[in-house]
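Chemist: Dropping the structure in here first, questions after.
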Amino acid sequence: LPTPPARLPYVPHVPPMALLGKVTATTFALERPRCVFDGHADASDAVWLAVAFANGEHSLVQHVPLWQGTWGTLTLHLCRAASAAFRNPQSRADVPPYKQLPTARSYMTLETAAAAYSCSAPSPPVLRVGSDTACRDQGRQDPCNGPLPSPGPYRVKFLLMGCRGPKAETRWSEPILLRTAVSPSTIEPVPARRGSAVVVIASILASLGAVLATTVLGALGAKVWGSLCHQGLGTHAFIRRSYRTHHIPPALPQPLPPGCGCSPPGLCCPAPQSPAPCQ
Numbered sequence: 060l061p062t063p064p065a066r067l068p069y070v071p072h073v074p075p076m077a078l079l080g081k082v083t084a085t086t087f088a089l090e091r092p093r094c095v096f097d098g099h100a101d102a103s104d105a106v107w108l109a110v111a112f113a114n115g116e117h118s119l120v121q122h123v124p125l126w127q128g129t130w131g132t133l134t135l136h137l138c139r140a141a142s143a144a145f146r147n148p149q150s151r152a153d154v155p156p157y158k159q160l161p162t163a164r165s166y167m168t169l170e171t172a173a174a175a176y177s178c179s180a181p182s183p184p185v186l187r188v189g190s191d192t193a194c195r196d197q198g199r200q201d202p203c204n205g206p207l208p209s210p211g212p213y214r215v216k217f218l219l220m221g222c223r224g225p226k227a228e229t230r231w232s233e234p235i236l237l238r239t240a241v242s243p244s245t246i247e248p249v250p251a252r253r254g255s256a257v258v259v260i261a262s263i264l265a266s267l268g269a270v271l272a273t274t275v276l277g278a279l280g281a282k283v284w285g286s287l288c289h290q291g292l293g294t295h296a297f298i299r300r301s302y303r304t305h306h307i308p309p310a311l312p313q314p315l316p317p318g319c320g321c322s323p324p325g326l327c328c329p330a331p332q333s334p335a336p337c338q
């Protein structure tokens, strides 16, 4: 009998940090299991990811013979999750491919050298399941990483494979449910009409906003206008005080006193005094 693989305590999981497209309608991201297989892996070993349905019931359709060469359709409802029924392959030739997922309910993908999961390997921190769209279009036979056909849920585990079969495996993940696309028929083309109360409240708020805006603009305009008028009046008063004068008629020339022959005219000479009498 082959030696059972070592059971590792690691549980695969979706990355906890915010990540664009972490879970979509056909793919999901997984955290890369670094340092998990150190001590179990050799240079020639490879790590695989097993993907299986986690739901408890699925249908298996078979065509069975009835009588006289006629055939009928028999639908079997299996109540065991595919992840519980999964059996590790003993060699690479026994690995279940992606194209068998609808019938086998499980497959293996993401074959990677075990050295890429070592502690010292510089590798991206996230793996993406279901990202290879060429699997479905070209009908490839190799175990490729094709888009998942339904929302699931799915369980995954990592399996370390050597030349002589499985060497170590992780635990199964918790169920991973993909997103469901919204049917176009469920999208409401016209938004629902608002209630009358909402319309009334919106109208009142709009009116109050208009009144407030008008008041603020009016007060601001009055203040600016008053400031301009004050500056204009002060300048006008200064001009009037500085430059407006009254008319004063010119002085008429006064007649010269007798015996004054001073020049220029207008300057009066004093009258000659008589000498003092002799004594």
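Convert by adding 59 to the 1-based position in the sequence shown; the result is the number in the numbering used here. Here a beta-carbon is modelled for each residue, glycine too, at the ideal position from N, C-alpha and C.
1. Among residues of its own chain, excluding the 5 on either side of residue 186, which ones have a beta-carbon nearer than 8 Å to its beta-carbon?
2. Consult DSSP for residue 286 and reduce its assignment to one of helix, strand or coil.
3. Does the segment 99–113 come close enough to the segment 222–233 to have 3 or more Cβ pairs within less than 8 Å?
4. Consult DSSP for residue 140 and reduce its assignment to one of helix, strand or coil.
5. Give me the Cα-Cα distance between residue 78 and residue 184, rounded to the nearest whole angstrom.
6. Starting from the C-beta of residue 155, find all residues in its chain whose C-beta is less than 8 Å away, skip the five residues before and the five after it, and write them out in chain order.
7. For my contact list, residue 214 and residue 65 are in at a C-beta cut-off of 8 Å; report their separation, rounded to the angstrom.
8. At the level of alpha carbons, what is the spacing between residue 275 and residue 264?
9. DSSP three-state call for residue 158: helix, strand or coil?
10. Assign residue 279 to one of three DSSP states: helix, strand, or coil.
11. Out of 73, 256, 221, 84, state which residue places its alpha-carbon closest to the alpha-carbon of residue 152.
12. By how many angstroms is the C-alpha of residue 75 removed from the C-alpha of residue 280?
13. Just to check my reading of the structure: residue 236 and residue 211 have Cβ atoms closer than 8 Å, yes? What is that Cβ distance to the nearest angstrom?
14. Rank 141, 85, 81 by C-alpha distance to the C-alpha of residue 207 and give the top, closest one.
15. Taking a contact to mean a Cβ-Cβ separation below 7 Å, would you say residue 106 touches residue 171 in this structure?
16. Determine, using beta carbons only, whether residue 104 and residue 180 come nearer to each other than 7 Å.
17. What first and last residue would you give for the beta strand (DSSP E) that runs through residue 87?
18. Do the CB positions of residue 82 and residue 223 come within less than 7 Å of each other?
19. Is DSSP giving residue 69 helix, strand or coil here?
20. Could you tell me the alpha carbon to alpha carbon distance between residue 157 and residue 188, rounded to whole angstroms?
21. Taking the alpha carbon of residue 233 as the reference point, which residue from 143, 63, 285 has its own alpha carbon closest?
22. Assign residue 219 to one of three DSSP states: helix, strand, or coil.
23. Among the residues of its own chain, which have a CB less than 7 Å from the CB of residue 159, if the five just before and after it don't count?
24. Using the three-state DSSP reduction, which class does residue 266 fall into: helix, strand or coil?
25. May I ask you to report which of helix, strand or coil DSSP gives residue 152?
Modeler: Well, looking at it:
1. 88, 89, 90, 91, 108, 169
2. helix
3. yes
4. coil
5. 12 Å
6. 148, 163, 165, 166, 167, 202
7. Actually they are not in contact, since the Cβ atoms of residue 214 and residue 65 sit about 20 Å apart, beyond 8 Å.
8. 17 Å
9. helix
10. helix
11. 221
12. 58 Å
13. 5 Å
14. 85
15. yes
16. no
17. 87–90
18. no
19. coil
20. 12 Å
21. 143
22. strand
23. 166
24. helix
25. helix
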